[in-house]
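Asker:
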Amino acid sequence: MSEPSATNAVLIGDIRQLIDAARQRASSAVNAELTLLYWQVGRRIGREVLRGERAEYGRQVISSLSRQLTVEYGTGWSEQQLRHCLRFAETFPDEEILYAVRRELSWTHIRTLIYIDDPLKRDFYLEMSRMEGWSSRRLRERIDSMLFERSAISKQPEKTIGHELERLRATGQPSSDLLFKDPYVLDFLGLNDRYLEKDLEDAVLRELEQFLLELGAGFTFVARQKRIQIDDDDFYIDLLFYNRKLKRLVAVDFKLGNFRAEYKGQMELYLRWLSKHEREPGEESPLGIVLCAGKKQEQIELLELDRSGIHVAEYLTVLPPRETLEARLHQSIETARKRLEGREGGE
182 MSEPSATNAV
192 LIGDIRQLID
202 AARQRASSAV
212 NAELTLLYWQ
222 VGRRIGREVL
232 RGERAEYGRQ
242 VISSLSRQLT
252 VEYGTGWSEQ
262 QLRHCLRFAE
272 TFPDEEILYA
282 VRRELSWTHI
292 RTLIYIDDPL
302 KRDFYLEMSR
312 MEGWSSRRLR
322 ERIDSMLFER
332 SAISKQPEKT
342 IGHELERLRA
352 TGQPSSDLLF
362 KDPYVLDFLG
372 LNDRYLEKDL
382 EDAVLRELEQ
392 FLLELGAGFT
402 FVARQKRIQI
412 DDDDFYIDLL
422 FYNRKLKRLV
432 AVDFKLGNFR
442 AEYKGQMELY
452 LRWLSKHERE
462 PGEESPLGIV
472 LCAGKKQEQI
482 ELLELDRSGI
492 HVAEYLTVLP
502 PRETLEARLH
512 QSIETARKRL
522 EGREGGE
């Protein structure tokens, strides 16, 4: 009697998978068609509005159209929805990009993205959403956390940002600057003003899932206090991760105080040892992240840490007011871009 029961369990499991897969395909197809419809509606409204010389004409067109469509098709065609459609068509005039976007992002994603005014910032969130498979809720959380402003890529010239995003779109492979951040927000660790490096590591391991989310796409935990032996000396890497997107080991070292120049030599030693003893065939060279309570920007620039595969960033265990963080990040971006432009101009 048990054999038919086991067979039935397998059978029902297989049929459930078929039904769930078909539902997912149907849902994706409906979303793609609706997204295309909204874009077409927005484009057609845009053409009509352009005929009028006054803004009032555009408002009248949308108001009248909303009333008529609601009578014929019911809810879902409010004035606000029609404005979303118009904004969508204006933001994504290129049909090739539209067809790529509608297959992978929901209308809720798109409705969030179209109200980001900065094109590079909008493209960053669009491509990261596609790569990491963010839900629309996660997308809003990332925007609220100022992920773009905290990313290493935001400190690069606009031309470089555009190139990196185009490369990600074409290959699906992100650069480390798209994934690495500065600062890292670790307010979820619940640390007070006084703690030791061990307390910081312990807190990270307790909240490892949250820490991995803050690190970004593709990170998996490998080891804590990874012991490496060189000659007769023992060294310990605070945390070791592997990133599937970058195909690299990533060593993370915590420092309670400000960045100091000698940290470069220490991290270089770790990375060279990892490259020699832990790097697998097909993997890229290991990278290092030095997380400090504060940075010494001129020292970091003179040491040319990026050429050694080392990223230095601050960490925040207490999140400052949004206005304070926003002003600080915008100043950091502006300063970094001016410095890079000055360096390029002097070459």
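In case it helps, my numbering puts the sequence shown at residues 182 to 528.
Positions of the beta carbon are idealized from the N, C-alpha and C atoms, including for glycine.
How close, in whole Å, do the beta carbons of L468 and Y496 come, if the pair is a contact with beta carbons under 8 Å?
Answerer: Their Cβ separation, rounded to whole angstroms, is 17 Å, which puts L468 and Y496 out of contact at 8 Å.
Asker: How about V403 and Y423: do their beta carbons lie closer than 7 Å?
Answerer: Yes, the pair counts as a contact, with Cβ atoms nearer than the cut-off.
Asker: Between the Cα of L301 and the Cα atoms of E345, D413, G399 and T256, which residue gives the shortest distance?
Answerer: That would be E345, whose Cα lies nearest to the Cα of L301.
Asker: Pull the bridge partners of R471 from the DSSP assignment, please.
Answerer: Looking at the sequence shown, residue 471 is not Arg but Val. Answer by DSSP bridge pairing, in chain order: D434 and V493.
Asker: With a Cβ-Cβ cutoff of 7 Å, do Y451 and A474 count as a contact?
Answerer: Not a contact, by the Cβ cut-off of 7 Å.
Asker: So what's K457 in DSSP terms, helix, strand or just coil?
Answerer: Correct three-state label for K457: helix.
Asker: Between the segment 308 to 321 and the segment 349 to 358, do three or more beta carbon pairs fall short of 8 Å?
Answerer: With a cut-off of 8 Å, the segment 349 to 358 and the segment 308 to 321 count as touching, because enough Cβ pairs lie within range.
Asker: How close, in whole Å, do the beta carbons of V282 and I295 come, if the pair is a contact with beta carbons under 8 Å?
Answerer: Going by Cβ atoms, the distance from V282 to I295 rounds to 11 Å, so no, they are not a contact pair.
Asker: Cβ of L484 within 7 Å of Cβ of K445?
Answerer: Taking 7 Å as the Cβ cut-off, L484 and K445 qualify as a contacting pair.
Asker: Work out the CA separation of R319 and G255 for me, nearest whole Å.
Answerer: The straight-line gap from Cα to Cα measures roughly 30 Å.
Asker: Quick one: residues in its chain with C-beta nearer than 6 Å to the C-beta of D304, no 5 flanking neighbours on either side, listed in chain order?
Answerer: Excluding residues within five positions, the ones whose Cβ falls inside 6 Å are L346.
Asker: Can you give me the C-alpha to C-alpha distance between R228 and R488, rounded to a whole angstrom?
Answerer: Approximately 51 Å, taken between the alpha carbons.
Asker: Under DSSP, the alpha helix (DSSP H) around T289 begins and ends at which residues?
Answerer: W288 to L294 is the extent of the alpha helix (DSSP H) around T289.
Asker: If we call anything under 7 Å between Cβ atoms a contact, is E390 one with F369?
Answerer: Against a cut-off of 7 Å, the Cβ pair of F369 and E390 comes out as no contact.
Asker: Does the segment 245 to 253 come close enough to the segment 265 to 277 that 3 or more CB-CB pairs lie under 8 Å?
Answerer: Flag = no, the segment 265 to 277 and the segment 245 to 253 do not touch.
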